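Q: Chains as they are written, first to last, in my numbering: chain S, 4 to 400; chain V, 4 to 400.
Following this message is one structure expressed as structure tokens.
Right, here's the structure in full:
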């Protein structure tokens with residue numbers, strides 16, 4: 004039988020990253036491809052203890068639950084956000100099945116086919132997948148190392164009258180960039196002036212390398228809480244398996260997202276919510292995050308050192324101040340997707356940058372993750388990779 | 004700020020049942036409203052043991068995972084389905100965040116706005132919510148106690164050229180009905196003849212009251228595996244909190260749903276998948292299900308006895324052969340939504356039948372759940388409710 008799919012699936016491409024993960028998981032490959040935290044650093048004992056407490060809290064923790072999320076868990080989330088300057092009440096918070104679902108639900112309730120969202124370029128590819136699957140018209144805004152360029156942002160807001168602006172201002176995926184304070188302020192200003200929603204995706208904000216630097220979430224600047232939706236997750240700071248994130252924003256939008264969530268999956272795994280509630284209450288998550296920062300920073304430096312060893316015109320990279328990724332540019336002539344075969348043959352994987360672009364991909368870019376591999380593996384993999392790169396660069400001359 | 008939502012949200016109504024749950028959870032009310040299993044019967048020890056084993060299986064169980072679901076878990080699901088005559092390989096199975104997500108993903112990949120789905124009437128209201136949220140045109144097929152009436156089904160398949168037919172053939176929600184074997188065969192026959200997908204939603208099939216009766220899933224009749232998508236869940240047989248279900252069907256459709264799932268929530272909570280895998284391997288789930296059958300059957304009989312005590316023209320109900328619900332009809336003149344206030348004041352809740360209808364709701368119908376309340380509460384609640392009903396019926400004469 005030939006199956007007639009909906010029009011929207013023609014826009015639906017499988018994530019290159021996730022398909023790659025399957026291949027990589029099968030072999031003995033050093034992977035800089037995924038966006039995985041290091042499982043060696045998972046706070047396993049804390050998570051186990053938290054589940055024990057969840058079980059002790061009674062059978063109610065195993066029953067159907069409210070779509071909005073467990074109320075004491077939302078309170079704990081509100082407290083955590085308050086530490087970053089984001090004010091909220093539990094009614095402004097919806098617990099989601101990972102922050103991926105927050106992007107999906109928002110898009111579902113906000114965008115008709117042809118409505119416009121502005122994004123950075125490149126940007127998180129699974130956000131692009133969501134936008135495309137709802138036939139949203141994605142328009143990229145020019146960026147530099149400080150964030151979106153104000154002139155281009157202003158022009159495109161005027162020209163396209165977007166419903167929302169999707170940004171990852173703190174240690175973005177894929178580029179690892181952090182926006183300057185001024186650019187954040189400007190974005191909020193234009194959003195307020197033109198009544199556009201900012202969707203601030205912040206899975207990496209906690210993973211910062213310099214304790215003395217501060218990156219204020221745009222949601223914290225939006226003191227009236229009218230223009231910013233803020234989403235984050237426990238996938239990077241606790242464990243990914245629980246698929247538990249949240250979104251905070253204007254009540255009217257959160258309420259509508261909760262209604263959409265009812266139809267999508269009724270509610271997020273409530274045993275995991277109970278467990279995370281206990282973990283937030285009884286475990287020193289901030290101290291654990293400090294360990295993550297230190298460890299990931301030292302791995303970033305190992306990777307940086309080896310990238311520095313490549314000294315060729317046209318080869319460049321952004322040194323991240325936090326998060327999980329290096330963004331690397333090769334000379335224009337080099338197609339990194341073809342190069343990937345060679346790298347995988349030699350036992351190392353990365354992700355080509357192309358799928359992160361809204362349009363006209365820059366085929367000479369790639370993303371490297373430094374959080375997943377232990378230092379010795381990281382070093383070994385980077386030695387191979389820099390060799391692959393150097394050979395290519397030498398041959399390309 | 005005034006927020007401009009997508010057109011599809013105007014079709015999105017909050018589920019009357021789930022909103023009701025919130026009120027009921029706050030008060031000291033005996034509830035026949037939700038579709039909740041009894042938490043007193045949850046296999047708590049088995050679930051705890053299963054989580055212990057999942058934790059022991061290593062940190063990998065807490066990492067990001069494949070969208071399709073944990074392979075050994077899908078194998079265990081395939082084995083369970085095989086017992087019911089449904090043949091599958093793990094590639095035909097997608098693990099979903101509850102079977103609700105299976106309905107959502109299927110609708111998302113299959114239906115453009117205006118495409119038609121045929122359903123029973125009344126039918127599962129959260130399926131109607133999904134269809135409506137994607138602007139699917141839902142057309143009801145006339146049914147009797149045996150299932151969809153063949154003539155009407157044939158006519159409507161011809162007339163509307165539907166993309167799919169959504170059915171809950173075994174102990175349906177809300178009516179508790181079970182389709183006859185002949186009607187199942189007829190449905191499959193017409194689906195094959197006209198190339199229509201059957202979406203068989205089967206969360207209740209395991210909860211049957213007579214061991215000697217057999218209800219063959221339509222998916223088991225579809226020996227070539229080309230025309231039936233079959234979804235079920237562990238929410239009714241293990242616990243609901245884990246939000247873990249699955250869908251089985253033609254690889255091409257399952258593959259497309261997996262792609263849609265990537266954009267929706269990346270993958271289902273993998274710690275829960277690991278735990279359920281261990282539970283299926285080490286716990287005698289079939290014996291547990293036998294206990295559920297026996298217990299729920301005896302509660303159904305308590306409810307039946309009290310319903311029998313109402314002997315008035317125009318009052319009727321369907322005696323279920325399994326599942327979780329009685330479907331009750333009052334005389335035409337009685338609006339059960341108004342009557343609900345009176346019932347709740349006296350400490351008992353039920354769900355009006357209206358939201359389960361595709362169109363033209365029969366305002367004199369209601370659904371009663373008998374699985375959630377322990378026998379003494381069930382009896383007490385039903386005594387109050389039959390009193391409320393009898394008073395109304397007497398007054399209405």
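The beta carbon of each residue, even a glycine, is placed where N, CA and C say it ideally should be.
Note that the structure is predicted; figures quoted are calculated from it, not measured.
1) Is the CB of residue 166(V) under 8 Å away from at least one CB in chain S?
2) Which residues in the same chain have their Cβ closer than 8 Å to the Cβ of residue 316(V), if we skip the five residues on either side of it in sequence?
3) Find the residues of chain V that neighbour residue 103(S), judging by a C-beta separation of less than 9 Å, and give them in chain order.
4) Using a Cβ-Cβ cut-off of less than 9 Å, list which residues of the region 245 to 260 of chain V approach chain S; keep chain order.
5) Between residue 51(S) and chain V, is there a C-beta pair that is closer than 8 Å?
6) Can you list the residues of chain V that residue 360(S) reaches, using a CB-CB cut of under 8 Å?
7) Could you list which residues in chain B have their beta carbon closer than 7 Å to that of residue 272(V), in chain order?
8) Spell out a yes or no on whether the region 40 to 58 of chain V and the region 280 to 294 of chain V are touching, meaning 3 or more CB-CB pairs, one atom from each, closer than 8 Å.
9) Within the continuous beta strand (DSSP E) that includes residue 370(V), where are the two ends?
10) Say the cut is 7 Å; is the CB of residue 318(V) nearer than that to a heavy atom of the ligand SAM?
11) Could you name each continuous alpha helix (DSSP H) segment of 4 residues or more that falls completely within the region 113 to 148 of chain S, going from the start of the chain to the end?
12) Three or more C-beta pairs closer than 8 Å, one from the region 302 to 309 of chain S and one from the region 241 to 261 of chain S: is that the case here?
13) Between residue 140(V) and chain S, is the shortest Cβ-Cβ distance under 8 Å, so that the two count as touching?
14) Which of the three DSSP states is assigned to residue 301(S) in this structure?
15) With DSSP as the reference, label residue 355(S) as helix, strand or coil.
16) How big is the Cα-Cα spacing for residue 32(S) and residue 237(S)?
17) Leaving aside the five residues before and after residue 401(S) along the sequence, list all residues of the same chain whose C-beta is less than 8 Å from its C-beta, in chain order.
18) Considering just the uninterrupted stretch of the alpha helix (DSSP H) at residue 232(V), what are its terminal residues?
19) With a cut-off of 8 Å, does the C-beta of residue 279(S) fall near any C-beta of chain V?
20) Does the Cβ of residue 145(V) have 16 or more other Cβ atoms within 10 Å, making it buried, or fewer, making it exposed?
21) Report buried or exposed for residue 203(V), applying the criterion of at least 16 other Cβ atoms within 10 angstroms of its Cβ.
22) So is residue 186(V) buried or exposed if we call it buried at 16+ other beta carbons inside 10 Å?
23) Using a Cβ-Cβ cut-off of 8 Å, state whether residue 94(S) counts as contacting chain V.
24) The alpha helix (DSSP H) with residue 427(S) in it runs from where to where?
25) I'd like to know whether the C-beta of residue 385(S) is nearer than 8 Å to at least one C-beta of chain V.
26) Please state the DSSP three-state secondary structure of residue 280(S).
27) For residue 309(V) and chain S, any beta-carbon pair shorter than 8 Å?
28) Any idea if residue 88(S) is buried or exposed, counting beta-carbon neighbours within 10 angstroms, 16 or more meaning buried?
29) If you follow the alpha helix (DSSP H) that residue 195(S) is in, where does it begin and where does it stop?
30) Since residue 387(S) and residue 9(V) should fall inside the 8 Å C-beta cutoff, what is the C-beta to C-beta distance between them, to a whole number of angstroms?
31) Could you pull the DSSP bridge partners for residue 151(V) from this structure?
32) Leaving out five residues before and five after residue 351(V) in sequence, what residues of the same chain have Cβ atoms less than 6 Å from its Cβ?
33) Can you round the beta-carbon distance between residue 101(V) and residue 268(S) to whole angstroms, since I take them to be within the 8 Å contact cut?
34) Do residue 369(V) and residue 322(V) have their CB atoms nearer than 8 Å?
35) Since residue 348(S) is in the beta strand (DSSP E), which residue starts that stretch and which ends it?
36) When DSSP builds the beta bridges, which residues end up paired with residue 86(V)?
A: In this structure, then:
1) If you number the second chain from 1, residue 166(V) lands on position 163. At least one chain S Cβ lies under 8 Å of residue 166(V).
2) Residue 316(V) sits at position 313 when you count from the first residue of the second chain. Excluding residues within five positions, the ones whose Cβ falls inside 8 Å are 334.
3) Translated into positions along the first chain, residue 103(S) becomes position 100. The CB of residue 103(S) comes closer than 9 Å to the CB of 265, 266, 267, 268 and 269 in chain V, given here in chain order.
4) Look at the region 245 to 260 of chain V: the residues with a C-beta under 9 Å from a C-beta of chain S are 245, 246, 247, 253, 255, 256, 258 and 259.
5) Looking up residue 51(S) in the first chain gives position 48. With a threshold of 8 Å between beta carbons, residue 51(S) makes contact with chain V.
6) Taking the first residue of the first chain as position 1, residue 360(S) is located at position 357. Result: empty, since nearest Cβ-Cβ is about 17 Å, beyond 8 Å.
7) No chain B appears in this structure, whose protein chains are S and V.
8) Contact between the region 40 to 58 of chain V and the region 280 to 294 of chain V is established, with three or more Cβ pairs separated by less than 8 Å.
9) On the second chain, residue 370(V) is found 367 positions in, with the first residue counted as 1. It spans 368 to 372 - the beta strand (DSSP E) in which residue 370(V) sits, taken as one unbroken run.
10) The ligand SAM is absent from the structure shown, which contains no ligand whatsoever.
11) Taking only runs of at least 4 residues, the alpha helix (DSSP H) segments lying wholly in the region 113 to 148 of chain S are 128 to 136.
12) As far as the Cβ criterion goes, the region 302 to 309 of chain S does not touch the region 241 to 261 of chain S, which means the pair count is below three.
13) Here residue 140(V) corresponds to residue number 137 of the second chain, with the count starting at 1. Not an interface residue.
14) Locating residue 301(S) in the first chain gives position 298, where the first residue counts as 1. In the three-state DSSP reduction, residue 301(S) falls in the helix class (H, G or I).
15) If you number the first chain from 1, residue 355(S) lands on position 352. Strand at residue 355(S).
16) Taking the first chain and counting its residues from 1, one reaches residue 32(S) at position 29. Taking the first chain and counting its residues from 1, one reaches residue 237(S) at position 234. Inter-residue distance for residue 32(S) and residue 237(S) is about 27 Å (C-alpha atoms, whole angstroms).
17) Lying before the first or after the last residue shown, residue 401(S) is absent from chain S, which here runs from 4 to 400.
18) Taking the first residue of the second chain as 1, we reach residue 232(V) at position 229. Under the DSSP assignment, residue 232(V) falls outside any alpha helix (DSSP H), being part of the beta strand (DSSP E) whose first and last residues are 231 to 236.
19) To locate residue 279(S), count along the first chain from 1; it is residue 276. Judged by the 8 Å Cβ criterion, residue 279(S) is not in contact with chain V.
20) Within the second chain, the letter at position 142 stands for residue 145(V). So residue 145(V) ends up on the exposed side.
21) As a position in the second chain, residue 203(V) is number 200, starting the count at 1. So residue 203(V) counts as buried.
22) Start at 1 with the first residue of the second chain, and residue 186(V) comes out as number 183. That one is buried.
23) By 1-based counting over the first chain, the position of residue 94(S) is 91. It does not: the Cβ of residue 94(S) has no partner Cβ on chain V nearer than 8 Å.
24) No information on residue 427(S) is available, as it lies outside the stretch 4 to 400 that chain S covers here.
25) Locating residue 385(S) in the first chain gives position 382, counting from the first residue. With 8 Å as the cut-off, residue 385(S) does not count as an interface residue toward chain V.
26) To locate residue 280(S), count along the first chain from 1; it is residue 277. Under the three-state reduction of DSSP output, residue 280(S) falls in the helix class.
27) In the second chain, counting from the first residue as 1, residue 309(V) sits at position 306. No, residue 309(V) lies away from the interface with chain S (no Cβ there is under 8 Å from its Cβ).
28) Along the first chain, read from residue 1 onward, the residue named residue 88(S) stands at position 85. Classification for residue 88(S): exposed.
29) Taking the first chain and counting its residues from 1, one reaches residue 195(S) at position 192. Segment 184 to 197, the alpha helix (DSSP H) holding residue 195(S).
30) Along the first chain, one-based indexing puts residue 387(S) at 384. Along the second chain, one-based indexing puts residue 9(V) at 6. About 48 Å separates the two Cβ atoms, so there is no contact after all.
31) In the second chain, the residue the question calls residue 151(V) occupies position 148. Answer is 146(V), bridged to residue 151(V).
32) Numbered from its first residue, the second chain carries residue 351(V) at position 348. Taken in chain order, the residues that qualify are 33, 384, 387 and 388.
33) Stepping through the second chain from its first residue, residue 101(V) is reached at position 98. Stepping through the first chain from its first residue, residue 268(S) is reached at position 265. Between residue 101(V) and residue 268(S) a beta carbon distance of about 5 Å is seen, short of the 8 Å cut, so the two are scored as contacting.
34) What you label residue 369(V) is simply residue 366 of the second chain in a count that begins at 1. What you label residue 322(V) is simply residue 319 of the second chain in a count that begins at 1. At least 8 Å separates the beta-carbon of residue 369(V) from that of residue 322(V).
35) The residue labelled residue 348(S) in the question sits at position 345 within the first chain. Counting along the chain, residue 348(S) falls outside any beta strand (DSSP E), though it belongs to the alpha helix (DSSP H) covering 339 to 348.
36) Translated into positions along the second chain, residue 86(V) becomes position 83. BP columns for residue 86(V) are empty, so no partner.
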